[in-house]
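Beneath this line is the structure, given in structure tokens, with notes to follow.
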DNA sequence: GGACCTCTCTAGAACGTTCTAGAGAACTAG
DNA sequence: CTAGTTCTCTAGAACGTTCTAGAGAGGTCC
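Residue numbers (full-length UniProt numbering), protein chains in the order written: chain A, 1 to 335; chain B, 1 to 335.
Pasting the structure below:
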């Protein structure tokens, strides 16, 4: 049913020139007259020629291909993919994707990409042991996105999680809050740094006595459950590990008859699509996906092309997005 | 920094055999003695040989590669990817992914895959004009996933959206509801069929007089806005185009002081992660992702391998997932 | 002892590109 | 008119595989 795909040779025969010349035209390389160029392009278009990337790469050695590992469950990874495609296109590189799914682990995803002869590996939120990543980094550049990997051979581009919570606390303090509780993220990557950011900034505001960290987790259920013990004597504000958990918090608070933000202010983290829903309207901390993806791609290309790199780690600043779940503290119950 | 990757020739030289023999061993093809086989494998492992997929495909013509187009914004596409990877692995095929992002349209995504010489194209929720898909289908098998494409050359695997709303209406009627309103999906694919499913089933239950369809859309905001006109004289139940819009509906209802499910029952569509959140606990209609992905892969492979195919379209039945947003109608205001 | 297997292996041509080296034509300069 | 330069083009090798055809070695059968 599907006849053979046209090749360079077909175009060449049809246009009455050599394959080499067609190759030159297709690559937009110098060495062909304007007239021939146009004629060849016309023929190529007419017979529906499309270059075979595999053959091209095989010959040229270079693939200009960046391998990207992402997880299908994380909407945030989708946002990063968007940025990565843009950044790669700007530098005339292409992306090959390999997904981590509930039934397909990161090892498998990476192995698939290596067979594709990509020139660098970008792993979003890597979960492999550091040693495994380091092993791969010995063969080709590896950039970890969004999670810290402590190994000199692996580049890291991540958000300053710590600073994000500084901003959240600053925002709440500026609104007059003093009783600010932090809801933890459990074993999720980033938890420790966000917790530290909260604690440090509370101290810096002289609120040592008010520091209170509740165990939690990354899911909506985690948030809903974690906030329950607070209902008897609620704080005036809560910083939550991420947006999803924050929605659970909002729901529990409202069911308990507490008004947000009138009685309690809530700050999330990630600026996920969820937070932007107008009826949730969640104040949150946005990670700078554009900066992260741009840096990640630039770093990968620098390693590929041998450009010297100053620092292994790039840490991008987060940004507070004030929305409707935070407001001035009305009547602080403890002065 | 990264020395040349070892090739077949390197393994052959090291093991003192021909490249052809190494190829035989690596492919696990007949034609090598057990002893040689083991020796070659040892050498390959020692020097870290990995087959170059591109060269392999270039020569063999076959790529055993299925191209998949998905959108990064849709979490549901992630669920489908999971199933597609599983189904492809079972048939010893591989997937290459190409994403549609806010800045990268479906045309670009498809063009990228065609360069990869995949043997078939699976497009999740295609948005390209039928003619464009048909044009591609002339060259290689194309399977549309989740959206109807009316062209004889394009295979379709989709959910029986119509039937999903039958189930939703049946469920509500069984709970004693009569005043059931449907919230539409705007211009989103699937809207017409879901609306038709609602209307037909209402008629079948003799509820012609109660049929009421409100204009809406696929987002949470759409749902929240669409339900506003109902607040004065609310129905006892609402079927909503999808889960996301349903969350908007829930929020608006609750803010207006209506209890769900005591005053109003709500049914969503998709069984997205959102619906499963325990504090939303949304009754919804689940699409059978496993069946859809299995069929899609089977169909693609059938086309590739020339197996005769009976029907162009595969329609999988949906399934009602009863959760906490539906309950018996208490006091129907109109008998 | 020859004919015919089967088993293991190898040489060498593909696959569709890119790249190197160089050929011919058409100018320009002296 | 010759030498040099530039522009356009081509032949043919390479990339790392797979595949076809066939070569040797050894066995079985009559």
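Built from N, CA and C at the ideal position, the CB exists for glycine as well.
Item                                                                                                                                                               : Value
Taking the CB atoms as reference points, tell me whether residue 201/B and residue 165/B lie closer together than 8 Å.                                             : yes
For residue 76/B, which of helix, strand or coil comes out of DSSP?                                                                                                : helix
If we call anything under 8 Å between Cβ atoms a contact, is residue 113/B one with residue 300/B?                                                                 : no
Just mark residue 98/B as buried or exposed, buried being the case when its beta carbon has 16 or more other beta carbons within 10 Å.                             : buried
Exposed or buried, residue 2/B, counting other C-beta atoms within 10 Å across all chains shown (16 or more means buried)?                                         : Reliability of the predicted coordinates at residue 2/B is poor, the pLDDT of 43 falling under 50, and the value obtained from them is presented with this limitation in mind. Looking at its Cβ environment, which holds fewer than 16 other Cβ atoms inside 10 Å, residue 2/B is exposed.
In whole angstroms, give me the CA-to-CA distance for residue 264/A and residue 258/A.                                                                             : 7 Å
Identify the contact partners of residue 73/A in chain B, using a Cβ-Cβ distance below 7 Å as the criterion.                                                       : 78
Measuring CA to CA, which of 144/A, 156/A, 247/A is closest to residue 278/A?                                                                                      : 247/A
Mind checking if residue 14/B is an interface residue toward chain A, Cβ cutoff 8 Å exclusive?                                                                     : no
If you drop the 5 nearest sequence neighbours on each side, which residues of the same chain put their C-beta closer than 7 Å to that of residue 75/B?             : 272, 273
Taking residue 245/B and residue 216/B to be in contact with their CB atoms under 8 Å, please state how far apart those CB atoms are, rounded to whole angstroms.  : 6 Å
Whole angstroms are fine: how far does the CA of residue 239/A sit from the CA of residue 180/A?                                                                   : 7 Å
Starting from residue 51/B, find everything on chain A with Cβ-Cβ shorter than 9 Å and list it in chain order.                                                     : 115
Please report whether the beta-carbon of residue 9/A lies at a distance below 8 Å from any beta-carbon of chain B.                                                 : no
Taking C-beta to C-beta, are residue 318/A and residue 275/A nearer than 8 Å?                                                                                      : no
In this structure, how does DSSP classify residue 119/B when only helix, strand and coil are distinguished?                                                        : coil
Run through the DSSP bridge pairs and tell me what residue 152/B is partnered with.                                                                                : None, per the DSSP bridge assignment.
Of the residues 51/B, 34/B, 36/B, which one's Cα is nearest the Cα of residue 5/B?                                                                                 : 51/B
Could you tell me whether the Cβ of residue 230/A comes closer than 8 Å to any Cβ of chain B?                                                                      : no
What are the start and end residues of the beta strand (DSSP E) that includes residue 205/A?                                                                       : Premise fails: residue 205/A is in no beta strand (DSSP E) and is neither H nor E.
Mind checking if residue 305/B is an interface residue toward chain A, Cβ cutoff 8 Å exclusive?                                                                    : no
The alpha helix (DSSP H) that contains residue 8/A, what's its start and end?                                                                                      : 8 to 15
Taking the beta strand (DSSP E) that residue 95/A belongs to, which residues open and close that run?                                                              : 94 to 100
At which residue ranges does the segment 218 to 286 of chain A contain complete beta strand (DSSP E) runs of 3 or more residues, listed in the order of the chain? : 237 to 240, 265 to 267, 284 to 286
Which residues mark the beginning and the end of the alpha helix (DSSP H) in which residue 165/A is found?                                                         : 161 to 174
So is residue 234/A in contact with chain B if we call contact Cβ pairs under 8 Å?                                                                                 : no
Does DSSP put residue 54/A in a helix, a strand or coil?                                                                                                           : helix
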